[in-house]
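So for the sequence shown, the numbering used here puts the first residue at 1315; every next one is plus one. We treat Cβ as the ideally placed atom computed from N, Cα and C, and that holds for glycine. Note that the structure is a prediction, hence the values are computed from the model and not measured. Reviewing the structure listed below.
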Amino acid sequence: MNCAMIVSNLSYSYPGAAPVFRDLNFKLHSKETLGVVGPNGTGKTTLLLLLSGLLKGTGSIQVGSTVLDEKTAKKIRQKMSFVFQNPDDQLFMPTVYEDIAFGLDFLGHTKAAVANLVDEALRKVGMRGFEERSSHHLSLGQKKRICLAAALARNSDIMLFDEPTNELDPGGRREFIALMKSIQVSKLVVSHDLNMIAEVSDRVMVLNKGGMVEIGETTRVLTNRALMEDNRLEVPSSLMP
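And the structure:
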């Protein structure tokens, strides 16, 4: 199976703190969704920051055939999109259009091409007609869809999601899950919403105590009651008999 990303011996510590990761190894397969779960404080968000090059650890992160380093970081970021937990950390332009278009010109797109990319991304998330609205005046669910549209407009090979369903109402949660499932790229999804992880993930990785405790097929991992309890997690209600 082709790999979108290979992580080898990844280690990271915040200054003055115990290691977050010690020699973490895993692969993200092409077009798969890998869910990442674990108790609070196990470095799930830190992992996303490391994978996207926003933090620098030791070890190796390979995206496609390119190893992440100072020289390749820009190239790799062009292949990867990060959907933040809090949309307000990602949306800062005056209009929805500008939020989605931000940075696309630096990727070499013409003004007309940017307009087409923005329009297509808005179509995919069901937000056409919002181009001139202010992102900050939208509902949380709408903001999250705009963040997703911004990621889609980049035509990335890999998408990283940090708590994508956090604080959404049931309707907004269902809509966002459906959008995530419709995206045919490699995805790594960090979340405490284990029912969502069970629905969208092909495989699940459990993090705890500085490393990976388990990785494998979603149902097998999430229905292992002893594994879940040992790592302060619960079997998702959607997978209970």
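From the DSSP output, in three-state form, read off residue i for me.
{"i": "Y1326", "result": "strand"}
{"i": "G1485", "result": "helix"}
{"i": "L1421", "result": "helix"}
{"i": "A1492", "result": "helix"}
{"i": "L1553", "result": "helix"}
{"i": "M1542", "result": "helix"}
{"i": "A1318", "result": "strand"}
{"i": "D1337", "result": "strand"}
{"i": "E1548", "result": "coil"}
{"i": "G1440", "result": "coil"}
{"i": "E1528", "result": "strand"}
{"i": "D1402", "result": "helix"}
{"i": "L1452", "result": "coil"}
{"i": "I1472", "result": "strand"}
{"i": "T1479", "result": "coil"}
{"i": "T1259", "result": "Lying before the first or after the last residue shown, residue 1259 is absent from the chain, which here runs from 1315 to 1555."}
Who are the near neighbours of residue i in its chain, counting only those whose CB is closer than 7 Å to its CB and skipping five residues on each side?
{"i": "S1374", "result": "S1322, N1323, V1381"}
{"i": "N1480", "result": "Q1399"}
{"i": "L1431", "result": "L1418, H1423, A1467"}
{"i": "A1332", "result": "none"}
{"i": "S1515", "result": "T1347, L1348, G1349, V1503, T1532"}
{"i": "N1509", "result": "P1550, S1551, S1552"}
Decide if residue i is buried, meaning its Cβ has at least 16 other Cβ atoms within 10 Å, or exposed.
{"i": "F1420", "result": "exposed"}
{"i": "M1554", "result": "exposed"}
{"i": "T1360", "result": "buried"}
{"i": "M1441", "result": "buried"}
{"i": "L1418", "result": "buried"}
{"i": "A1463", "result": "buried"}
{"i": "E1513", "result": "buried"}
{"i": "E1477", "result": "buried"}
{"i": "D1507", "result": "buried"}
{"i": "R1539", "result": "exposed"}
{"i": "T1372", "result": "exposed"}
{"i": "R1517", "result": "buried"}
{"i": "E1388", "result": "Looking at the sequence provided, one finds Lys at residue 1388 rather than Glu. Exposed."}
{"i": "K1370", "result": "exposed"}
{"i": "S1366", "result": "buried"}
{"i": "K1358", "result": "buried"}
Using a Cβ-Cβ cut-off of 6 Å (strictly less than) and excluding sequence neighbours within five positions of residue i, which residues of its own chain qualify?
{"i": "M1473", "result": "S1395, A1465, V1499, K1501"}
{"i": "V1410", "result": "F1444, E1445, R1447, S1449, I1460"}
{"i": "H1475", "result": "One detail in the question is off: residue 1475 reads as Phe in this sequence, not His. Once the five neighbours on either side are set aside, the close Cβ partners of F1475 are V1397, V1503."}
{"i": "G1486", "result": "G1455"}
{"i": "S1505", "result": "E1477, I1511"}
{"i": "A1429", "result": "none"}
{"i": "A1427", "result": "none"}
What does a CB cutoff of less than 8 Å around residue i pick up in its chain, not counting 5 residues either side in sequence?
{"i": "P1401", "result": "S1449, L1454, K1457, K1458, I1460, C1461"}
{"i": "V1377", "result": "A1318, M1319, I1390, K1393, M1394, D1471, I1472"}
{"i": "L1482", "result": "L1454, G1455, K1458, F1490"}
{"i": "S1344", "result": "M1315, N1316, C1317, A1318, S1500"}
{"i": "K1570", "result": "The chain is shown from 1315 up to 1555; residue 1570 falls before or after that span and cannot be answered."}
Inside the region 1358-1396 only - beta strand (DSSP E) runs reaching at least 3 residues: 1372-1377
Segments assigned alpha helix (DSSP H), at least 4 residues, entirely inside the region 1499-1526: 1508-1514
Cβ pair count under 8 Å reaching 3, the region 1324-1339 against the region 1482-1499: no
Segment contact flag, the region 1383-1392 with the region 1428-1437, C-beta cutoff 8 Å, min 3 pairs: At 8 Å Cβ cutoff, the stretches do not touch.
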